[in-house]
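Numbering (the working numbering), first residue to last: 353 to 1248.
We put the CB at the ideal spot given by N, CA and C, even for glycine.
Scroll down for the structure; my scribbles are underneath it.
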Amino acid sequence: MANIQYAEEFAFYQQLKFYYDSNRGKIRSRYNDLTKKFLAYNDKSENQDAFLRLPQFEALEMYVFIKEFMGNPQVYEMFDDWRNRREKFSDASYYSVRKGGLIRLFDNESEIVTDTLFKQMKKYKEVYPNYIYALTMGLGKTILMATCIFYEFLLANKYPKDKRFCHNALVFAPDKTVLQSLREIITFDKTKVVPPEYARVLDANIKFHFLEETGTTLHTIDDSDFNIVISNTQKIIVKKKRKEPKPGEVLFGSSSMLSSIYGDENGDTDDAWDDASLMDNQRFKKLCRLPQLGVYVDEAHHLFGADLEKQIRKKTANKTSLRDTINMLAERTSIVACYNYTGTPYVNKQVLPEVVYAYGLRESIWNGYLKDADPIAFKNVKDTEFLRMAVTIFWKRYGGKIYEGLNPKLAIYASRVEEAVNEVRPALEEILADLGIPTSSILVNVGETKYTKDEDIRNFNDLDVQGSQGNEKQFIILVDKGKEGWNCRSLFGVAMFRNPNSKIFVLQATMRCLRTITNDRLTATVFLSKENYDTLDDELHKNFNMDIKNMKTNTGTPKTVYKVRVIPPPRTITMKKIWHEYKLEEKKYSVPIDFKVRDIDYSKYASVMYEKDTIARDSSLKEKNIDYIREQMKFSAFSLPGELARYLNISCLLASRILTESVDGIDAILGAVNKYNEILNDVIVPGVFHALYELKSELHTEDKELVLLKAPKESGYYEFSAKDDLVITNQYKALTPKQIAKSFHADTYCFDSKPEKECFLQYITNSKIKEVYFTGMFTANQGDLSVQYYDPEAGRVRHYYPDFLAKLEDGSYQLIEVKGDNKIDDTVVKAKAAAAQEMAVASGIEYKMYAGSEIMNTHILAYLDDRSSTSNYPDYEQQSTLLMAAETPAPYASNK
353 MANIQYAEEF
363 AFYQQLKFYY
373 DSNRGKIRSR
383 YNDLTKKFLA
393 YNDKSENQDA
403 FLRLPQFEAL
413 EMYVFIKEFM
423 GNPQVYEMFD
433 DWRNRREKFS
443 DASYYSVRKG
453 GLIRLFDNES
463 EIVTDTLFKQ
473 MKKYKEVYPN
483 YIYALTMGLG
493 KTILMATCIF
503 YEFLLANKYP
513 KDKRFCHNAL
523 VFAPDKTVLQ
533 SLREIITFDK
543 TKVVPPEYAR
553 VLDANIKFHF
563 LEETGTTLHT
573 IDDSDFNIVI
583 SNTQKIIVKK
593 KRKEPKPGEV
603 LFGSSSMLSS
613 IYGDENGDTD
623 DAWDDASLMD
633 NQRFKKLCRL
643 PQLGVYVDEA
653 HHLFGADLEK
663 QIRKKTANKT
673 SLRDTINMLA
683 ERTSIVACYN
693 YTGTPYVNKQ
703 VLPEVVYAYG
713 LRESIWNGYL
723 KDADPIAFKN
733 VKDTEFLRMA
743 VTIFWKRYGG
753 KIYEGLNPKL
763 AIYASRVEEA
773 VNEVRPALEE
783 ILADLGIPTS
793 SILVNVGETK
803 YTKDEDIRNF
813 NDLDVQGSQG
823 NEKQFIILVD
833 KGKEGWNCRS
843 LFGVAMFRNP
853 NSKIFVLQAT
863 MRCLRTITND
873 RLTATVFLSK
883 ENYDTLDDEL
893 HKNFNMDIKN
903 MKTNTGTPKT
913 VYKVRVIPPP
923 RTITMKKIWH
933 EYKLEEKKYS
943 VPIDFKVRDI
953 DYSKYASVMY
963 EKDTIARDSS
973 LKEKNIDYIR
983 EQMKFSAFSL
993 PGELARYLNI
1003 SCLLASRILT
1013 ESVDGIDAIL
1023 GAVNKYNEIL
1033 NDVIVPGVFH
1043 ALYELKSELH
1053 TEDKELVLLK
1063 APKESGYYEF
1073 SAKDDLVITN
1083 QYKALTPKQI
1093 AKSFHADTYC
1103 FDSKPEKECF
1113 LQYITNSKIK
1123 EVYFTGMFTA
1133 NQGDLSVQYY
1143 DPEAGRVRHY
1153 YPDFLAKLED
1163 GSYQLIEVKG
1173 DNKIDDTVVK
1183 AKAAAAQEMA
1193 VASGIEYKMY
1203 AGSEIMNTHI
1213 LAYLDDRSST
1223 SNYPDYEQQS
1233 TLLMAAETPA
1243 PYASNK
């Protein structure tokens, strides 16, 4: 799927909603009487006792609107009519929104954007309509799904020949957890969303089939109506036949030769390679004999978007994918439509085109449909210190409080079962004992019967049941229990210190505590390591187009996605590959060591708690020093030399002598080390090491030809996001053909900042520059020009990609880096510069780093010209007006 991105305000689902709202009265007047009664029963403006929340009802309205008014079309068909102002969207239509001065819907948009989006929609269409309803977690997607199915069956019963309505429903869930939550469709009181006189009709006709176990047979009557089939997985419906069945198996064992409709419980995902070798499945056959089938996919995002793109949209998906399952059904029976219910309309910050309704996380919090959240992050603390702070703060905020008869709960996540049982639980018991809280309030649910008994599962399922033993459990230790389907309204806190294997799990788990309880606006607390806090911020941005730091204010000019193509021939440069060979030689201790503990920057060792009061509005991130929680080893003048001797394998007497004779003095060293134990390893040990050993380095170099930009392997272009005013293409009219010939190993350069763009313009327009290439935008495997450096903050070797490579008229080269003024003295930036300087010097290349202000305020290449003459700059100065005024053409831009 092309990664086309367009501004949220132009998302088609918003235009549909605007059209419906503008014509709501006219449209609803066209519905049949049964539909009008059904909608009126669920509309709080007509029925003050209506059960559905506003987002649920709005989604139901769009569901009915698309089915009855629009005629159950494909999304791309509606979009094509909308962009061309045809049919009901035409200016002459009775429903035109242009009348009365309302022209917002049909304001002229970029033809490139609408055409690209239309082609994208059409390319990924199915033979049946496919719709996505995106309501954030906690808004009641399961109830909405049930309501839609009940509506379908009522209309199908009254109008049995109308092909728009579903006579049967197949409901898919991604896993067993969500499957259990789908039982609500069966147990749900229909009279909450269906008028009682019609609810009786449904009760008399609906047949439920809950396929919980793999081997369960589907007992539907062929060609029957009003079946609701609920199953728990998205695996393939037919599997590869491994051997021919024996005659006896054919005669007596039909069930044994039929593979599971959803695959084996042990996770067997054997792909079907050849259609001729596929075995039919009993449940698949039964489903094929149900007419007018509606397919409902619950939690369609399954990992907040990752699988939505893979499983629902990807054409190359193998025979085990959910989409292939539905397509195979569509070949054998009539599918009315596929309705996907998901928590977010976004996949990697872009809205999926087939979304027809969405209600976001931020709006849900603002309007009281979810709890708010107070994220607290901790830096430079141990896991036990983190746990103590989390439990203490949680108990201070929620201890002793009751919400609708329920005790508030804290979910504590461990990364492994062993960690949960052997580390987290003992530490938690000690913390609770110190706080006077009974340890019986702990519940462990780790998915292994050795540690989690049937009683624990029962208590876990009863966390929200008043008067139950489960309600008494307030500290829940979990492993991997953060996905969809776990609904605990009394959950008021989540604690996650260790980094999980999946980044999306941070978002999934932390959002579990946002479900509402009581009618008050309440706030849950999320405790995270600083790294997990940053991950949460990033995942919120990717999946909900929002972040923790700035929830309210405009994030600035939207970025455009550009398709960047490589311009042949490949540009290359020969540089030195550098490596060092080290040798260690012993020295005799003779001179007192100056450890300079007086100059140590203690701030980098401080334990810090970061807290943002809310994620629903713009508020600052507060910092607080929490060194008092640290569990530090206290060394003495006797134990510290012993620790040092053990580490360096030297005698205790020598270690004691070195510390005592040091310039700092033993007391100053003890004070520093006892304040922050890390100073022992960071300062004292290296100081003694260098006093006793000499590390000799021998430099080795080797010539290596580097390709600045490689052709992409999977498509004809790369994709980059950038603001339009920071993009220059090889069609830029403000540059002369001679200047353009100096550069552009790619047809489009997407700069990160104005100084980068200005630097490029100064170089390309200067007569002393023969060639200049913007290399900073191409990373990873896109180009070879990178510098290995040691990141002192991360403690690992990384790759750094300089911004520009320039060739001067005299044949010399420059490697160029542009940095903001506030970053010039940054530790990591200095490490990058040192590594780049070393490689550049060895290769006979000049390395230059420019501050942003220097580029914007001066001619940075003045030194190349005659300093006494300013006549060298008329070409640039004359062009500067053109360069600023010229409109950047964007022939490959996906949108604005």
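Discussion item. Could you compute how far the alpha carbon of PHE524 sits from the alpha carbon of PHE562?
Written reply: 11 Å
Fill in: Close Cβ partners of LEU762 (< 6 Å) along its chain, the five nearest in sequence each way excluded
PHE746, PHE827 and GLY845
Worksheet item: Can you tell me whether DSSP reads ARG552 as helix, strand or coil?
Response: helix
Worksheet entry | Selected residue, minimal CA-CA separation from LEU758, among GLY994, VAL707, LEU681 and GLU824 | GLU824
Worksheet item: For GLU938, which of THR696, LYS477, ALA1043 and GLU770 has the nearest alpha-carbon?
Response: ALA1043
Item to complete: Under 7 Å Cβ to Cβ from PRO944, same chain only, skipping five residues before and after it: list those, please.
Response: GLU1013, SER1014 and VAL1015
Worksheet item: Which of helix, strand or coil does DSSP assign to ILE455?
Response: The predicted position of ILE455 is uncertain, since its pLDDT is 36 and thus under 50; a value taken from the coordinates is nonetheless stated next. Three-state DSSP puts ILE455 in coil, outside helix and strand.
Worksheet item: Is there contact here, the stretch 927-935 with the stretch 1186-1206, by at least three beta-carbon pairs under 8 Å?
Response: yes
Worksheet item: Do VAL1025 and PHE947 have their CB atoms nearer than 8 Å?
Response: no
Discussion item. Taking the beta carbon of ARG923 as the centre, do at least 16 other beta carbons fall within 10 Å, making it buried, or is it exposed?
Written reply: buried
Worksheet item: ASP650 and LEU487 look like a contact to me (Cβ under 8 Å); what is the Cβ gap, rounded to whole Å?
Response: The pair is not a contact, with the Cβ atoms about 11 Å apart (cut-off 8 Å).
Practice prompt. Examine the Cβ distances between the stretch 545-553 and the stretch 491-510 and report whether three or more of them are shorter than 8 Å.
Written response: yes
Worksheet item: Is DSSP giving ARG1150 helix, strand or coil here?
Response: strand
Worksheet item: When the Cα atoms are used, what is the spatial distance from ALA1093 to ILE1116?
Response: 9 Å
Practice prompt. Note down the Cα distance separating GLN366 from ASP1077, rounded to an integer number of angstroms.
Written response: 27 Å
Worksheet entry | Through-space distance from MET489 to LYS863, alpha-carbon basis | In the sequence on display, residue 863 carries Met and not Lys. Near 8 Å, if we compare the C-alpha coordinates of MET489 and MET863.
Discussion item. Just to confirm my understanding: we take PHE421, look at its own chain, exclude 5 residues before and 5 after, and list those with CB closer than 7 Å. What are they?
Written reply: ILE379 and ARG382
Fill in: Burial state of ALA556 (16 or more Cβ within 10 Å)
exposed
Fill in: Reduced DSSP category for SER793 - H, G, I as helix; E, B as strand; rest coil
helix
Worksheet item: Skipping 5 residues on each side, what residues in its chain have a beta carbon closer than 6 Å to that of SER607?
Response: Because the pLDDT at SER607 is just 35, under 50, the model does not fix this residue reliably, and the value given afterwards should be weighed accordingly. So the list is empty, once near-sequence residues are dropped.
Practice prompt. Kindly give me the distance between the Cβ atoms of VAL878 and ALA725, rounded to whole angstroms, as I take these residues to be in contact under 8 Å.
Written response: 5 Å
Discussion item. Quick check on the burial criterion: 16 or more other C-beta atoms within 10 angstroms. Buried or exposed for VAL1193?
Written reply: exposed
Item to complete: Tell me whether GLU807 is buried or exposed, calling it buried when 16 or more other Cβ atoms sit within 10 Å of its Cβ.
Response: exposed
Discussion item. I want to know whether the stretch 1094-1110 touches the stretch 912-923 - three or more CB-CB distances under 8 Å.
Written reply: yes
Discussion item. Applying the 10 Å Cβ sphere with the 16-neighbour rule, what's the burial state of HIS519?
Written reply: buried
Worksheet item: Touching or not, the stretch 971-988 and the stretch 1044-1061, by the rule of three or more beta carbon pairs under 8 Å?
Response: no
Practice prompt. Can you check the stretch 504-543 for any beta strand (DSSP E) of at least 3 residues that lies completely inside it and give the ranges in chain order?
Written response: 520-524
Discussion item. With a threshold of 6 Å on Cβ separation, who are the neighbours of VAL581 within its own chain once the five nearest residues in sequence on each side are excluded?
Written reply: LEU522 and HIS561
Worksheet item: In the DSSP assignment, what are the bridge partners of VAL1059?
Response: THR924
Practice prompt. Report the option in LEU1160, TYR1141 and LYS1159 whose CA atom is closest to the CA atom of HIS1151.
Written response: TYR1141
Discussion item. By DSSP's criteria, ASP1177 is part of a beta bridge. Which residues make up the other side?
Written reply: Partner(s): none; ASP1177 has no beta bridge.
Discussion item. Run through the DSSP bridge pairs and tell me what PHE730 is partnered with.
Written reply: SER881 and MET961
Worksheet entry | Pick from TYR1028, GLU1046 and GLU1054 that is closest to LYS940, judged by C-alpha positions | GLU1046
Discussion item. For the structure I just gave you, are there three or more beta carbon pairs, one from the stretch 1100-1110 and one from the stretch 1202-1212, closer than 8 Å?
Written reply: yes
Worksheet item: What residue from MET680, ASP890 and ASP575 has the CA that sits closest to VAL479's CA?
Response: MET680
Worksheet entry | Which of helix, strand or coil DSSP assigns to LYS396 | coil
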